[in-house]
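When we follow the numbering used here, the leftmost residue of the sequence shown carries the number 49, and every step to the right adds one.
Read the structure below first, then the notes.
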Amino acid sequence: VAAFSDITALKNHAKELDRAANYDDLTGLPNRQLLEERLRTACGHADRQGHSLSICYLDLDNFKSLNDFHGHEAGNHALRTIGERLSRTVRSGDTVARIGGDEFVLLLQSEHCETTYQRILAAVGEPVPITEDTNLTLTASLGITLYPDDHTDAEALIRHADQAMYAAKEKGRNQFQVFDPGQHASRRLRRERLTEISQALENNEFVLHFQPQVRMADCAVVGFEALIRWQHPEKGLIPPGQFLPVVENSHLEIPMGQWVLKEAIHQMNLWREASQNLAVCININSAHLMDPSFEAYLKRYLQSHPEVCPSQITLEVLESTALEDTKRAGNVLTRCRELGVQVALDDFGTGFSSLTYLRTLPVDVIKIDKSFVMSMLASDSDRAIVESVIFMAQRFNHTVLAEGVETMEHGRALREMGCNQVQGFGIARPMPASEVLPWLANWTAVSGNAAGQEWSDGPGETPSAPSQRRH
Numbered sequence: 049v050a051a052f053s054d055i056t057a058l059k060n061h062a063k064e065l066d067r068a069a070n071y072d073d074l075t076g077l078p079n080r081q082l083l084e085e086r087l088r089t090a091c092g093h094a095d096r097q098g099h100s101l102s103i104c105y106l107d108l109d110n111f112k113s114l115n116d117f118h119g120h121e122a123g124n125h126a127l128r129t130i131g132e133r134l135s136r137t138v139r140s141g142d143t144v145a146r147i148g149g150d151e152f153v154l155l156l157q158s159e160h161c162e163t164t165y166q167r168i169l170a171a172v173g174e175p176v177p178i179t180e181d182t183n184l185t186l187t188a189s190l191g192i193t194l195y196p197d198d199h200t201d202a203e204a205l206i207r208h209a210d211q212a213m214y215a216a217k218e219k220g221r222n223q224f225q226v227f228d229p230g231q232h233a234s235r236r237l238r239r240e241r242l243t244e245i246s247q248a249l250e251n252n253e254f255v256l257h258f259q260p261q262v263r264m265a266d267c268a269v270v271g272f273e274a275l276i277r278w279q280h281p282e283k284g285l286i287p288p289g290q291f292l293p294v295v296e297n298s299h300l301e302i303p304m305g306q307w308v309l310k311e312a313i314h315q316m317n318l319w320r321e322a323s324q325n326l327a328v329c330i331n332i333n334s335a336h337l338m339d340p341s342f343e344a345y346l347k348r349y350l351q352s353h354p355e356v357c358p359s360q361i362t363l364e365v366l367e368s369t370a371l372e373d374t375k376r377a378g379n380v381l382t383r384c385r386e387l388g389v390q391v392a393l394d395d396f397g398t399g400f401s402s403l404t405y406l407r408t409l410p411v412d413v414i415k416i417d418k419s420f421v422m423s424m425l426a427s428d429s430d431r432a433i434v435e436s437v438i439f440m441a442q443r444f445n446h447t448v449l450a451e452g453v454e455t456m457e458h459g460r461a462l463r464e465m466g467c468n469q470v471q472g473f474g475i476a477r478p479m480p481a482s483e484v485l486p487w488l489a490n491w492t493a494v495s496g497n498a499a500g501q502e503w504s505d506g507p508g509e510t511p512s513a514p515s516q517r518r519h
């Protein structure tokens, strides 16, 4: 009897070790190790029997933000629920594995089938109850590679499905994308760039530069726009045009937006401690604005920084973002304004038909796109657009700010049109935070004479006193 008990205990212990080595603790699903073992076996069978496999890499969209907002217990419940649903969605001979975080891989013993992929996404999209009165709605991006079309080893198949998943995210999330070997090199390069950018975020390599915004009536500085730069340890200062397109529609889009928001408010507090209460405009991209946790995150951060006046913060939203879903964007912006912050519609004029939305969109400032301002002196049509935007916006009591002011001629023309505020290289290029207060003191010293006179009187050059103006 004792020997039999010992054998039973050994068998139970072996089962426990096997489960720990091959199964995920949270969901009970196979882990990466068991998945790769089953995938190698399935590829061998597929080669011998002449049938195909679908390897599907599933990643939950924006799960980190939802997890941070609702808590890890709710997040774990959601992961278990999704795992159970996926297991019910596939056939008995298929495998659903959780390989880490919010990532699942499905090994399907079948050929390419769009209906199956849509059924998988629909299973994820069903509401997940996390409390008696709260449901969590999730979406997923699904990347697929097909064996033997993609004839490689198990690790590479999973990696290729992962790359296809990122391609699905780039296309807008909540959809699937099939791996294309021909695009493999470019996607690999983008993944490498994203990894580098992610490490840069962790290493605090990003900085904010600030570009002043000036009131036309008296040349007073009314605020600064916060603009992100990458202070690369080897390549030096990298402009946003070289990394923001890579971040767009990626998993880094919201974390980077959150960093900009936090850093800008932190800098406002540093200036306040130096007896300068400066207003700051912060760019908010579409994914960040439409993220379900955005308003709560903004509210919590404002509450944790009571020394910063919310009315000195302006959230800048692209016109194209507002027009993607006018009703939803309007609701989000309304709730943000209820927190005390202001809202600016950026790059206005690129969707000129949107003038009709000026009456309904909850915004305080209209920023005219710099492309119209820079060419309005040479183009009658662009000048007409600028004049029309100023006229319409002011009829709805919106402040108008013109971007792209590079010369005194631009400034005088805008003043004649009744534009309220201006911004551009003709005033100052974006500058590091350490240079803002010296620049501001210099500008204030001359704004009452040279700058104001040249913008209101006859021809002349841009005032040269502020040292950043031509640099």
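A virtual CB, placed ideally from N, CA and C, is assigned to each residue, including glycine.
Here the structure is a predicted model, which means the values were calculated and not measured.
Endpoints, beta strand (DSSP E) assigned at K310: Taking the sequence shown and counting its residues from 1, one reaches residue 310 at position 262. No beta strand (DSSP E) contains K310, which is instead part of the alpha helix (DSSP H) from 301 to 321.
Based on Cα-Cα distance, which residue from A215, T75, T200 lies nearest to V294? As a first step, residue 294 is located in the sequence shown; it is residue number 246 there, counting from the start. That would be A215, whose Cα lies nearest to the Cα of V294.
A68 versus N124: straight-line alpha-carbon distance, rounded: By one-based count along the sequence shown, residue 68 stands at place 20. By one-based count along the sequence shown, residue 124 stands at place 76. Spanning the two alpha carbons is a distance of roughly 18 Å.
Would F19 be called buried (16 or more neighbouring beta carbons within 10 Å of its own) or exposed? Past the edges of the chain, shown from 49 to 519, lies residue 19, and the structure says nothing about it.
DSSP three-state assignment for A68, whether helix, strand or coil: Numbered from its first residue, the sequence shown carries residue 68 at position 20. Annotated three-state conformation of A68 is helix, per DSSP.
Within the continuous beta strand (DSSP E) that includes P177, where are the two ends? The residue labelled residue 177 in the question sits at position 129 within the sequence shown. 176 to 179 is the span of the beta strand (DSSP E), which, as asked, contains P177.
When the Cα of S489 is compared with those of A312, G148, V172, L326, which residue comes out closest? Residue numbering aside, residue 489 sits at position 441 when the sequence shown is read from its first letter. Here the sequence assigns Ala to residue 489, which means Ser is not the residue at that position. The alpha carbon of A489 has as its nearest neighbour, out of A312, G148, V172, L326, the alpha carbon of L326.
Express the C-alpha separation of R221 and D109 in angstroms, rounding to a whole number. As a working mapping, residue 109 is identified with position 61 in the sequence shown. As a working mapping, residue 221 is identified with position 173 in the sequence shown. If you draw a straight line from the Cα of D109 to the Cα of R221, it comes to about 7 Å.
Closest to D430 by CA distance: which of V270, Y195, Y165, F420 is it? Within the sequence shown, residue 430 is the residue found at index 382, counting from 1. The shortest Cα separation from D430 among V270, Y195, Y165, F420 belongs to F420.
Just how far apart, CA to CA, sit F213 and I103? On the sequence shown, residue 213 is found 165 positions in, with the first residue counted as 1. On the sequence shown, residue 103 is found 55 positions in, with the first residue counted as 1. One point to set straight first is that residue 213 is Met, not Phe, in the sequence displayed. Each residue's alpha carbon lies about 11 Å from the other.
Assess contact between the stretch 234 to 252 and the stretch 451 to 471, defined as three or more Cβ pairs (one per stretch) separated by less than 8 Å. Is contact present? Result no; under three Cβ-Cβ pairs closer than 8 Å.
Less than 8 Å between C-beta atoms, sequence neighbours within five positions excluded: which residues of the same chain meet that for F291? By one-based count along the sequence shown, residue 291 stands at place 243. Contacts found: R241, I245, W278.
From the DSSP output, in three-state form, read off G506 for me. Sequence index remark: in the sequence shown, residue 506 carries index 458 (1-based). Confidence is the limiting factor: at G506 the pLDDT is only 38, short of 50, which leaves the residue's position unreliable, though a coordinate-based value still follows. Annotated three-state conformation of G506 is coil, per DSSP.
With three or more beta-carbon pairs closer than 8 Å as the criterion, would you say the stretch 80 to 92 touches the stretch 188 to 208? Three or more beta-carbon pairs separated by less than 8 Å link the stretch 80 to 92 to the stretch 188 to 208, which places the two stretches in contact.
What are the boundary residues of the alpha helix (DSSP H) that H196 is part of? By one-based count along the sequence shown, residue 196 stands at place 148. It should be noted that the sequence gives Pro, not His, for residue 196. Premise fails: P196 is in no alpha helix (DSSP H) and is neither H nor E.
From F258 to D412, what does the alpha carbon distance come to, in whole angstroms? On the sequence shown, residue 258 is found 210 positions in, with the first residue counted as 1. On the sequence shown, residue 412 is found 364 positions in, with the first residue counted as 1. Distance between the alpha carbons of F258 and D412 is about 21 Å.
Just curious, the beta strand (DSSP E) that C104 is in, first and last residue? Here residue 104 is taken as the residue at index 56 of the sequence shown, counted from 1. Start and end: 101 to 108.
When you compare the CB positions of T193 and L205, do they come within less than 8 Å of one another, or not? The sequence position of residue 193 within the sequence shown is 145, counting from 1. The sequence position of residue 205 within the sequence shown is 157, counting from 1. Yes; because the gap between Cβ atoms is below 8 Å, this pair is in contact.
Ordered along the chain, which non-local residues of its own chain (more than five positions away) have a Cβ less than 7 Å from that of E311? Your numbering for residue 311 matches position 263 in the sequence shown. Contacts found: L256.
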